[in-house]
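Enquirer:
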Amino acid sequence: MTPEDPNGALCKKKQKTFIVNDLDLPHNLTGSSWCTPTGYANEVGEAFRALVPVSLVWGSYAVATAYVTADAVDKGKKAAHGDNPGKTTRVAVAVVDTFVWQALASVIIPGFTINRVCAASLYLLGRTTKWPLPVRKWTTTAIGLSTIPFIITPIDRSVDFLLDSSLRKVYNEGEKHE
């Protein structure tokens, strides 16, 4: 699946690019790779929370966190190439920025969002329908899964704004003093 692929809408979440000391780094591990979907494991886990043991949901967070960590390490390795001055700083900034961005945009905020959408859906279905519990749970899961594509862009833009307004200002200050 490539970023241009119309069926690759979910992959676009991991395509955010940022600049670190004139080094253009995509925000995902090796572009649109086989491991990109693992960044969505926690959202899928949250959507299935009503149907599976909670240990599987927590396992989905472990998978997504492993992806975030691997992506941050990958960006650090890419930033380490060359013998430019400030290499250590560039690597640290790449790792920290990628880890924080991915943790917020791929794990924390989407997981919370899908969790709340599913909890509200299950509650409302219980109050407004006479459907059996298994039907309400499967409907809740379908609602959670169908919500994922709609939350990606707003969350990514919000995390960009948050980091541009906070953490990335610290990086820019460091560049001015070098």
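Mapping to UniProt numbering: the sequence shown position 28 is 28, numbers consecutive. Note that CB positions come from ideal geometry on N, CA and C, so glycine has one too. Note that the structure is predicted; figures quoted are calculated from it, not measured.
Taking the alpha helix (DSSP H) that TYR61 falls in, what are its first and last residues?
Expert: 54 to 79
Enquirer: Just mark VAL93 as buried or exposed, buried being the case when its beta carbon has 16 or more other beta carbons within 10 Å.
Expert: buried
Enquirer: Could you tell me whether the segment 63 to 75 touches the segment 152 to 172, using the rule of 3 or more Cβ pairs below 8 Å?
Expert: no
Enquirer: Under the rule that 16 or more other beta-carbon atoms within 10 Å means buried, what is PHE48, buried or exposed?
Expert: buried
Enquirer: What separation, rounded to the nearest whole angstrom, lies between the Cα atoms of MET1 and PRO37?
Expert: Note on MET1: pLDDT 32, under 50, position unreliable in the model; no value is reported.
Enquirer: Excluding the five sequence neighbours on either side, which residues of its own chain have a C-beta within less than 6 Å of the C-beta of GLY45, listed in chain order?
Expert: VAL57, SER60
Enquirer: Can you tell me where the alpha helix (DSSP H) holding ILE152 begins and where it ends?
Expert: 133 to 164
Enquirer: In whole angstroms, what separates the C-alpha of TRP131 from that of THR139?
Expert: 10 Å
Enquirer: Have a look at TYR123, GLY86, VAL117, PRO134 and flag the residue whose alpha-carbon is nearest the alpha-carbon of TYR171.
Expert: Looking at the Cα atoms, GLY86 is the closest of the given residues.
Enquirer: Is VAL159 near ALA70, with beta carbons less than 7 Å apart?
Expert: Taking 7 Å as the Cβ cut-off, VAL159 and ALA70 do not qualify as a contacting pair.
Enquirer: Name the residue from PRO110, ASN42, ALA50 whose alpha carbon lies nearest to the alpha carbon of VAL135.
Expert: ALA50
Enquirer: Classify ARG168 as helix, strand or coil using the three-state DSSP reduction.
Expert: If DSSP states are grouped into helix, strand and coil, ARG168 belongs with the helices.
Enquirer: Report the CB separation of VAL68 from PHE99 in whole angstroms; it is logged as a contact under 8 Å.
Expert: 6 Å
Enquirer: Nearest-angstrom Cα distance between VAL128 and THR113?
Expert: One point to set straight first is that residue 128 is Thr, not Val, in the sequence displayed. Spanning the two alpha carbons is a distance of roughly 22 Å.
Enquirer: Does the beta-carbon of GLY144 have 16 or more other beta-carbons within 10 angstroms, so that it is buried, or is it exposed?
Expert: buried
Enquirer: Could you tell me which of ILE109, TRP101, ASN84, LEU124 sits nearest to LEU167, measuring between CA atoms?
Expert: TRP101
Enquirer: In the DSSP assignment, find the alpha helix (DSSP H) that holds GLY100 and state where it starts and stops.
Expert: With the sequence shown as reference, residue 100 is identified as Val, and Gly is not the correct amino acid for it. Per DSSP, VAL100 belongs to the alpha helix (DSSP H) from 87 to 102.
Enquirer: Could you check where the alpha helix (DSSP H) with GLY111 kicks off and where it finishes?
Expert: 109 to 128
Enquirer: Can you say whether THR88 is buried or exposed, counting buried as having 16 or more other CB atoms within 10 angstroms of its CB?
Expert: By the Cβ-count criterion, THR88 is exposed, with fewer than 16 other Cβ atoms from all chains shown falling within 10 Å of its own Cβ.
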